[in-house]
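Read in order, the letters of the sequence shown are residues 13 to 212 in our numbering.
Using N, Cα and C, we set each Cβ at its ideal position, and we do this for glycine too.
For clarity, every value in this text was computed on a predicted model and none was experimentally measured.
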Amino acid sequence: MADRSERELFEAVLAGDDQAFEQIYDRYQQQARLMAWRVSHRPDWVDDLVSETWCRSFRLRKVYDPGRPFAVWFAGILQNVYREHCRRSQTTLDRAPDVMDGPASQVEEQTPETIAAEAELLAQLNDCVNRLDPQDARIVRMRFFDECTLRHVAQEVSIPESTLREVRLPAVFKALRRCLEKKGIRFSQLFPAQGAEEEQ
């Protein structure tokens with residue numbers, strides 16, 4: 013049944029029902045991608061990280077404890093996959109030190125619980141972004157998910173940089189704030205710099 017709880021689904025998995033694991037995959041695929049992005053901050057790595065983590069979690073499905081949140085368990089596996097990916101990736105080794113000192117080292121300080129919780133916040137943000145005008149949604153994703161510069165975003169969407177900074181982004185933030193507040197999420201949890209500017 014599609015509406016079974018997480019515990020019921022994994023109890024079915026432990027009983028040998030692999031179709032139940034497919035339902036877990038469908039239910040958590042978006043969150044899995046957000047966790048991979050949160051851990052790596054490398055959009056070009058997300059597909060590989062998610063694919064390997066799902067494969068590994070399927071192999072380990074018989075040892076999963078249904079009493080533990082699946083997203084937290086998955087995040088722990090993802091951390092290991094990411095560390096291994098960093099070690100074996102020549103691309104990473106060739107990158108500048110500031111990149112290696114960023115998310116790659118910070119992942120050691122994050123707990124699976126933190127990664128899962130932050131991915132849930134990002135999932136709620138993603139839902140709000142999807143409710144924006146398509147061009148506004150593109151602006152948010154490029155600026156804050158792909159970490160593009162304002163100049164690059166402005167060029168891509170054919171808007172003067174000053175208009176983007178002074179008019180378009182403030183309007184987008186206002187719409188996102190309303191959506192997030194309806195979900196019980198403080199805007200500053202996801203955009204601390206913008207939240208601080210507006211409180212001044």
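Quick one, are the C-beta atoms of R68 and V93 less than 8 Å apart? yes
Can you tell me whether L192 is buried or exposed, with buried defined as 16 or more other CB within 10 angstroms of its CB? buried
Buried versus exposed, by CB contacts within 10 Å (16 or more), D113: Bear in mind that a pLDDT of 42 at D113, under 50, signals an unreliable position, so the model cannot answer this.
Given a cut-off of 8 Å, decide if Q91 and V51 are closer than it, judged by their beta-carbon atoms. yes
Taking 8 Å as the cut-off, decide whether the C-beta atoms of V58 and W49 are in contact. yes
Taking buried to mean at least 16 other C-beta atoms within 10 Å of its own C-beta, is A128 buried or exposed? buried
When the Cα atoms are used, what is the spatial distance from L89 to P172? Per the sequence shown, the amino acid found at residue 89 is Ile instead of Leu. Cα-Cα distance, rounded: 43 Å.
Given Y40 as reference, the closest of A27, A131, P124 once Cα atoms are compared: A131
Whole angstroms are fine: how far does the CA of R163 sit from the CA of L21? 47 Å
Could you say which of Q122, A32, R153, P146 lies nearest to A135 if we only look at CA atoms? R153
Evaluate L137 with the Cβ neighbour count: other Cβ atoms within 10 Å of its Cβ, from every protein chain shown; 16 or more gives buried, anything less gives exposed. buried
If you draw a straight line from the alpha carbon of L188 to that of E168, how long is it in whole angstroms? 21 Å
Could you pull out every residue in the same chain whose Cβ sits closer than 8 Å to the Cβ of D77, ignoring the five residues on either side in sequence? W85
Go through its chain and collect everything with a Cβ distance to A166's Cβ below 7 Å, but skip five positions before and after it. P172, E173, L176
In this structure, how does DSSP classify P81 when only helix, strand and coil are distinguished? coil
How long is the line joining the alpha carbons of V25 and F70, rounded to whole angstroms? 10 Å
Using a 10 Å radius around the Cβ and a threshold of 16 neighbouring Cβ atoms, would you call A44 buried or exposed? buried
Comparing alpha-carbon positions, which option in K195, S200, R80, A149 lies nearest V184? A149
Backbone CA spacing between R7 and G28 [nearest angstrom]: Because the chain in this structure spans residues 13 to 212, residue 7 falls outside the shown range and cannot be described.
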